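Residues in the sequence shown are numbered consecutively from 72, following my numbering. These notes are about the structure you will find just below.
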Amino acid sequence: QVQLVESGGGLVQAGGSLRLSCATSRSISSLSPMGWYRRSPGKERELVAKIFRSGTTNYADSVKGRFTISRDSAKNTMYLQMNNLKPEDTAIYYCYALYIASGYWGEGTLVTVSS
């Protein structure tokens with residue numbers, strides 16, 4: 072079992088920044104890949120960014136150059152730094168982790184970007 076707890080969401084104006092955190096109940100080195108997904112109103116959940124144990128990262132085209140995924144092994148926490156936020160980034164953001172072939176999700180944190 073893996074518990075994932077997101078934090079850091081909130082209301083921000085367009086052009087602003089937020090940093091999301093995902094705290095894990097297991098050693099982060101045992102979780103790979105980890106990622107951030109989001110679900111916007113009326114849309115399917117989509118991948119935002121993914122990070123592997125090796126440090127390799129993948130990003131959705133819509134966030135490349137604006138978002139950065141990272142993880143801190145000492146704190147067992149994954150982050151998503153979001154800069155130059157746009158109204159279309161408004162969504163519930165979910166943390167995801169794969170552990171021994173099973174996927175785990177957090178409850179989500181709401182990000183609202185006003186124009």
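Even glycine gets a Cβ: it sits at the ideal position worked out from N, Cα and C. This one's a predicted model, so the numbers in the text were calculated from it and none came from an experiment.
Residue i to residue j span [Cα, whole Å]
i, j, result
"M105", "F123", "6 angstroms"
"R137", "Y175", "26 angstroms"
"A145", "R97", "12 angstroms"
"Q74", "Y130", "24 angstroms"
"L118", "Q72", "22 angstroms"
"S133", "R142", "21 angstroms"
"S173", "K114", "25 angstroms"
Cβ-heavy atom distance, residue i to the ligand ZN, below 8 angstroms
i, result
"S101", "The model depicted lacks the ligand ZN and carries no ligand whatsoever."
Chain-order list of residues whose beta-carbon lies under 6 angstroms from that of residue i (same chain, five-residue window excluded)
i, result
"S111", "A162"
"T139", "Q152"
"C166", "L75, E77, C93 and G177"
"S103", "F123 and R124"
"N154", "S88 and R137"
Whole-number beta carbon distance between residue j and residue i, since they are thought to touch under 8 angstroms
i, j, result
"V83", "L91", "Going by Cβ atoms, the distance from V83 to L91 rounds to 12 angstroms, so no, they are not a contact pair."
"A31", "T128", "Past the edges of the chain, shown from 72 to 186, lies residue 31, and the structure says nothing about it."
Sequence-distant residues of its chain with Cβ nearer than 8 angstroms to residue i (five each side left out)
i, result
"A85", "L156, K157, P158, V184, S185 and S186"
Opposing strand residues paired with residue i [DSSP bridges]
i, result
"N129", "K121"
"V83", "V184"
"T139", "Q152"
Other residues of its chain near residue i: CB distance less than 7 angstroms, five sequence neighbours each side excluded
i, result
"L181", "G80 and I163"
"L169", "L102, S103 and P104"
Reference residue i, options the options, closest by Cα
i, options, result
"S100", "N154, N147, A172 and D160", "N147"
"G87", "Y108, D160 and T95", "D160"
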